[in-house]
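Following: one structure in structure tokens, then a few remarks.
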Amino acid sequence: MMSWGANYVVIKKGEHGHFLFHEDVIFPSVGFSLESVVDPTGAGDSFAGAMIGHLAAKNKTSFSEIKKSIIYGNVMGSFAVEKYGLAGLTSLKKSDISKRIKQYEKMVTF
-16 MMSWGANYVV IKKGEHGHFL FHEDVIFPSV GFSLESVVDP TGAGDSFAGA
34 MIGHLAAKNK TSFSEIKKSI IYGNVMGSFA VEKYGLAGLT SLKKSDISKR
84 IKQYEKMVTF
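So the sequence shown is numbered by the working numbering: it starts at -16 and just counts up by one.
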């Protein structure tokens, strides 16, 4: 895909995380570890929506900002799988998201 002109390529790997490719750099990210998964339906869509929404809100497409948006997407995907349907997302507060991002940062370095 990069040979077709894309500056960045993101490959989703479900519960195993994602790969971000840019020039000669590969940024792997792991999925957020949960004790139980109730319903994985929609996790990938939640990831993609959160990632794109985060990028749109920041109005930047630097490698650093795309890495942050992938982490944001990972976290939102983790909320999506904890309950059936949209229930894992509709009751979220910004503080819940911030708390989980901090938990993720403790798990990995990026």
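Heads up, the beta-carbon is just placed ideally off N, CA and C, and yes, glycines get one too.
Since the model is a prediction, treat every value here as computed from it, not as a measurement.
Suppose contacts are defined by Cβ-Cβ distances below 9 Å. Is residue i in contact with residue j by that definition?
| i | j | result |
| --- | --- | --- |
| Pro23 | Val64 | yes |
| Ile53 | Leu17 | no |
| Ala26 | Ser78 | no |
| Val8 | Met34 | no |
| Lys41 | Lys50 | no |
When burial is assigned at 16 or more other CB atoms within 10 Å of the CB, is residue i buried or exposed?
| i | result |
| --- | --- |
| Met90 | exposed |
| Tyr55 | buried |
| Tyr87 | buried |
| Ser(-14) | exposed |
| Met(-16) | exposed |
| His(-1) | exposed |
| Gly71 | buried |
The beta strand (DSSP E) that contains residue i, what's its start and end?
| i | result |
| --- | --- |
| Phe62 | From DSSP, Phe62 is part of no beta strand (DSSP E) but of the alpha helix (DSSP H) over Phe46 to Ala63. |
| Tyr(-9) | Tyr(-9) to Lys(-5) |
| Ser12 | Val8 to Ser12 |
| His(-1) | Looking at the DSSP string, His(-1) is not in any beta strand (DSSP E), and its letter there is neither H nor E. |
Which one of the options has the shortest CA to CA distance from residue i?
| i | options | result |
| --- | --- | --- |
| Lys(-5) | Lys66, Gly14 and His5 | Gly14 |
| Asn57 | Tyr67, Phe30, Leu38 and Ala39 | Phe30 |
| Val20 | Asp28, Lys76 and Lys66 | Lys66 |
| Asp28 | Phe46, Lys82 and Leu69 | Leu69 |
| Glu48 | His5, Thr73 and Leu75 | His5 |
| Ser74 | Met59, Lys41 and Thr92 | Met59 |
| Asn(-10) | Thr44, Ile84, Ile80 and Arg83 | Thr44 |
Could you spell out the range, first to last residue, of the alpha helix (DSSP H) harbouring residue i?
| i | result |
| --- | --- |
| Thr73 | Ala70 to Thr73 |
| Pro41 | Per the sequence shown, the amino acid found at residue 41 is Lys instead of Pro. That run of the alpha helix (DSSP H) goes Ala26 to Lys41. |
| Ser81 | Lys77 to Met90 |
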